[in-house]
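2 protein chains.
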Amino acid sequence: MKFSKKSEYGLRALLELCETYGGRVLQRHEIAERQNIPVEFLEQILLALKRAGLLASRRGIRGGYSLIKSPEEITLGQVIRILDGPLAPISCVSKTAYQKCSDCPYAAKPSCPLQQAMGEVRDAIANILDHYTLSRFAHNKLMEGSSCAPSAIQ
Amino acid sequence: MKFSKKSEYGLRALLELCETYGGRVLQRHEIAERQNIPVEFLEQILLALKRAGLLASRRGIRGGYSLIKSPEEITLGQVIRILDGPLAPISCVSKTAYQKCSDCPYAAKPSCPLQQAMGEVRDAIANILDHYTLSRFAHNKLMEGSSCAPSAIQ
DNA sequence: CCAAATCTTGAGCAACTCACTAGACAACTC
DNA sequence: GAGTTGTCTAGTGAGTTGCTCAAGATTTGG
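Residue numbers (this note's numbering), protein chains in the order written: chain Y, 183 to 336; chain W, 183 to 336.
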């Protein structure tokens, strides 16, 4: 039940691109250095985000990437779906990539316990991530004392 | 962002074991057949659940597995954590298996955007699964018309 | 127009994980 | 003590993840 590095890197890269939104372009190595991401891997991620219409790019010596959608319009859910595929914890509850369970004895019946439970989980995840805008996401970076404190951890 | 087959099979197996709770034991092949699960794989799952204290087993010709905790006391969250590991979507927000991000530039800072967002997701997932008891889970099987209808799907 | 810097594309790969299999062994019942 | 069950350890093939490499296309500066 993990998100991939791809999503993580993608979101961190967008954090940088948010900062220069409307201004200059960022080159892949700038993003890579600041965010500590292997540059060739980052490239694949940026290209995927470009194909999805979030970024624009320019080649050549003054080239680089830039956000072309407002950070208000982009949600974490969109980004993760682009890079990681559907959010649903099992595919029989996915709204974007539904697939019937092949081996589940309840697949044919009117109600499946697993579908019921996992559907709730899917909705909860989507509800958060599809309403979490990039601008709110980037804003967190600036706030102080909002606690990553490892005190609650064990 | 998927749950493994292991968790799925485990939950489906527990559905069967719920039915005979307090009564007779179930043999692995009975569970395997009814739930359409490869029997040797199921075995590993049942053993893990046994080691975690949810099941008891008996060897020999009258052997088999049985639930030893009440379905009211077992939650889906417990089961999934036993079989799949922590629920957290990235390990720096796990409460049961925290690990500091190695490469994240915000790891040292007072607040990390990713941690903030993923923490919310973690809490939402845990909130559902840690309050979803096995007895409520098993109950869904019996209800009619609660709709797995693929109408809302695309 | 040439050369350097950048993005673009596609292929490749080592390590890991997932889903499952196999086989030797231990314990229980009749 | 024979047969039937669970227990344990190891292995394995397919697929995914995370990353690298190399050959191109495009832009700009000189």
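Beta carbons are placed, not taken as given, at the ideal position from N, Cα and C, and that holds for glycine.
As the structure is a computational prediction, the values presented were derived from the model and not from experiment.
Bounds of the beta strand (DSSP E) holding G246(Y) are G246 to L249. S248(W) and G205(W) have their alpha carbons spaced roughly 8 Å apart. Taking C-beta atoms as the reference points, Q298(Y) and N309(W) fail to come closer than 8 Å. In this model, G235(W) and R216(W) are separated by some 24 Å (Cα to Cα). Residue environment: V275(W) is assigned as buried (16 or more neighbouring CB atoms within 10 Å of its CB, all protein chains considered). Assignment of S239(Y) by DSSP, reduced to helix, strand and coil, places it in the strand class. Against I227(W), chain Y offers no close residue; the least beta-carbon distance is about 14 Å (beta-carbon pairs closer than 9 Å). Around the beta carbon of T278(W), a 10 Å sphere encloses fewer than 16 other beta carbons of the protein chains shown; the residue is thus reported as exposed. For L269(W), the secondary structure class from DSSP, reduced to helix, strand or coil, is coil.
Not one beta carbon of chain Y lies nearer than 8 Å to the beta carbon of I264(W). Using a CB distance cut-off of 8 Å, E302(Y) counts as an interface residue toward chain W. At a cut-off of 8 Å between beta carbons, D312(W) makes no contact with chain Y. K188(Y) places its beta carbon less than 8 Å from that of D266(Y).
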